[in-house]
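> The structure under discussion is supplied below as structure tokens; questions concerning it will follow.
Dropping the structure here:
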């Protein structure tokens, strides 16, 4: 029995020895992926910080306010912050029109985000003729792509995209990918949203957008939007 036990122990030791190179390789791969993940996350957060640090703008044809949720057919507090950014640009004379972009949400709203946004702007004293609704977009890439078409119809070239700070880097890249060559970003700070959560979520969203951008041919990026 003693001899058998000794052989069993030696066998287990040999098994562990055989497995050790595989375990080492697995650990190295996992550590490497973890390091790459940390580097990528730091890069995305740097991109967000760089985009939100913009503080000066030149005059443009239109502001493009990106849609967000409506509450009872009225802009949510977060969406109101974006709209207030558009109002500031208009009242400062930096834009002559405000494009409000957003389709019908699935949260029970009976009007499109664009319609709810338009109503809010009119209440803030923006003339109706200065508000241009875009009510078909279902995601950020469609927001900027469909807004670009409205601008082309009017002969407009220069745009300022208005969105929250965490969303700015991705929105600006999407605007350029959609064909808006002369575009600026107006990043809006938030007092009503959990920015830590949104920044963390944006890392995943930016990663997905980066993969999508590499996959899509340049001539169809504006029309094959699937990024939420």
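In our numbering, the protein residues as written are -2 to 225.
Idealized CB from N, CA, C, for every residue including glycine.
Residue 130 lies in the beta strand (DSSP E); which residues open and close that run?
For the purposes of this step, residue 130 is identified with residue 133 of the chain shown, where counting begins at 1. Counting along the chain, the beta strand (DSSP E) containing residue 130 begins and ends at 128 to 131.
> Quick check on this structure: which residue in 20, 142, 95 has the alpha carbon closest to the alpha carbon of residue 121?
Position 124 of the chain shown, counted from the first residue, corresponds to residue 121. Of 20, 142, 95, the residue nearest in Cα terms is 95.
> Determine contact between the stretch 185 to 202 and the stretch 35 to 42, defined as no fewer than three beta-carbon pairs at a distance below 8 Å.
In short, these stretches touch, since the Cβ pair count reaches three.
> Are residue 101 and residue 109 touching if we call contact CB-CB under 7 Å?
For the purposes of this step, residue 101 is taken as the residue at position 104 of the chain shown. For the purposes of this step, residue 109 is taken as the residue at position 112 of the chain shown. Yes, the pair counts as a contact, with Cβ atoms nearer than the cut-off.
> Go through the stretch 59 to 129 residue by residue and report every complete run of the beta strand (DSSP E) that reaches 3 residues or more, in order.
59 to 63, 95 to 98, all fully within the stretch 59 to 129.
> Hey, how far is the Cα of residue 58 from the Cα of residue 25?
Position 61 of the chain shown holds residue 58. Position 28 of the chain shown holds residue 25. C-alpha separation (whole angstroms): 53 Å.
> I'd like the ranges of any beta strand (DSSP E) spanning at least 3 consecutive residues and lying wholly in the stretch 126 to 191.
With a minimum length of 3 residues, the continuous beta strand (DSSP E) runs that stay inside the stretch 126 to 191 are 128 to 131, 156 to 161, 180 to 185.
> Between residue 141 and residue 161, is the Cβ-Cβ spacing less than 7 Å?
Sequence index remark: in the chain shown, residue 141 carries index 144 (1-based). Sequence index remark: in the chain shown, residue 161 carries index 164 (1-based). Contact: no.
> Determine the DSSP secondary structure at residue 51, reduced to helix, strand or coil.
Translated into the one-based positions of the chain shown, residue 51 becomes position 54. Residue 51 falls in the coil class under three-state DSSP.
> Helix or strand or just coil, what does DSSP make of residue 208?
Locating residue 208 in the chain shown gives position 211, where the first residue counts as 1. Here residue 208 sits in helix by DSSP.
> Please go through the same chain and pick out, in chain order, the residues whose beta-carbon is closer than 6 Å to the beta-carbon of residue 132, but skip the five residues on each side of it.
The residue you call residue 132 lines up with position 135 of the chain shown. Once the five neighbours on either side are set aside, the close Cβ partners of residue 132 are 100, 109, 111.
> Report back the beta-carbon spacing between residue 163 and residue 196 to the nearest angstrom; my notes put them in contact at under 8 Å.
Within the chain shown, numbered from 1, the residue matching residue 163 stands at position 166. Within the chain shown, numbered from 1, the residue matching residue 196 stands at position 199. Indeed, because the Cβ distance is near 5 Å, the residues count as touching under 8 Å.
> So, for residue 66: in the same chain, excluding its five sequence neighbours on each side, which residues have a beta-carbon less than 7 Å away from its beta-carbon?
If you number the chain shown from 1, residue 66 lands on position 69. Answer for residue 66: 73, 76, 102, 104, listed in chain order.
> Excluding sequence positions up to five away, which residues of its chain have a Cβ less than 6 Å from the Cβ of residue 172?
The residue given as residue 172 occupies position 175 in the chain shown. Once the five neighbours on either side are set aside, the close Cβ partners of residue 172 are 141, 158, 180.
> Could you tell me whether the Cβ atoms of residue 56 and residue 91 are closer together than 7 Å?
Within the chain shown, residue 56 is the residue found at index 59, counting from 1. Within the chain shown, residue 91 is the residue found at index 94, counting from 1. Yes; because the gap between Cβ atoms is below 7 Å, this pair is in contact.
> What's the call for residue 134, buried or exposed, on a 16-neighbour Cβ count within 10 Å?
To locate residue 134, count along the chain shown from 1; it is residue 137. Its Cβ being crowded by 16 or more others within 10 Å, residue 134 is buried.
> Using the C-alpha atoms, what's the distance from residue 212 back to residue 85?
Walking along the chain shown from the start, residue 85 turns up at place 88. Walking along the chain shown from the start, residue 212 turns up at place 215. The alpha-carbon atoms of residue 85 and residue 212 are separated by roughly 37 Å.
> In angstroms with no decimal places, state the Cα-to-Cα distance between residue 178 and residue 155.
For the purposes of this step, residue 178 is identified with residue 181 of the chain shown, where counting begins at 1. For the purposes of this step, residue 155 is identified with residue 158 of the chain shown, where counting begins at 1. So the two alpha carbons sit approximately 8 Å from each other.
> Excluding the 5 residues preceding and the 5 following residue 51 in the sequence, name in chain order all residues of the same chain whose CB lies nearer than 7 Å to its CB.
In the chain shown, the residue the question calls residue 51 occupies position 54. Correct list, in chain order: 182, 184.
> Short of 6 Å in beta carbon distance, which residues of its chain neighbour residue 167, apart from the five on each side in sequence? Order them along the chain.
Residue mapping note: residue 167 aligns to position 170 of the chain shown, counting from 1. Same-chain partners within the cutoff: 203, 206.
> Decide if residue 114 is buried, meaning its Cβ has at least 16 other Cβ atoms within 10 Å, or exposed.
Stepping through the chain shown from its first residue, residue 114 is reached at position 117. The residue is buried, with at least 16 neighbouring Cβ atoms inside 10 Å.
> Is the beta carbon of residue 60 closer than 7 Å to that of residue 249?
The displayed coordinates of the chain run from -2 to 225. Any statement about residue 249 would go beyond what the structure contains.
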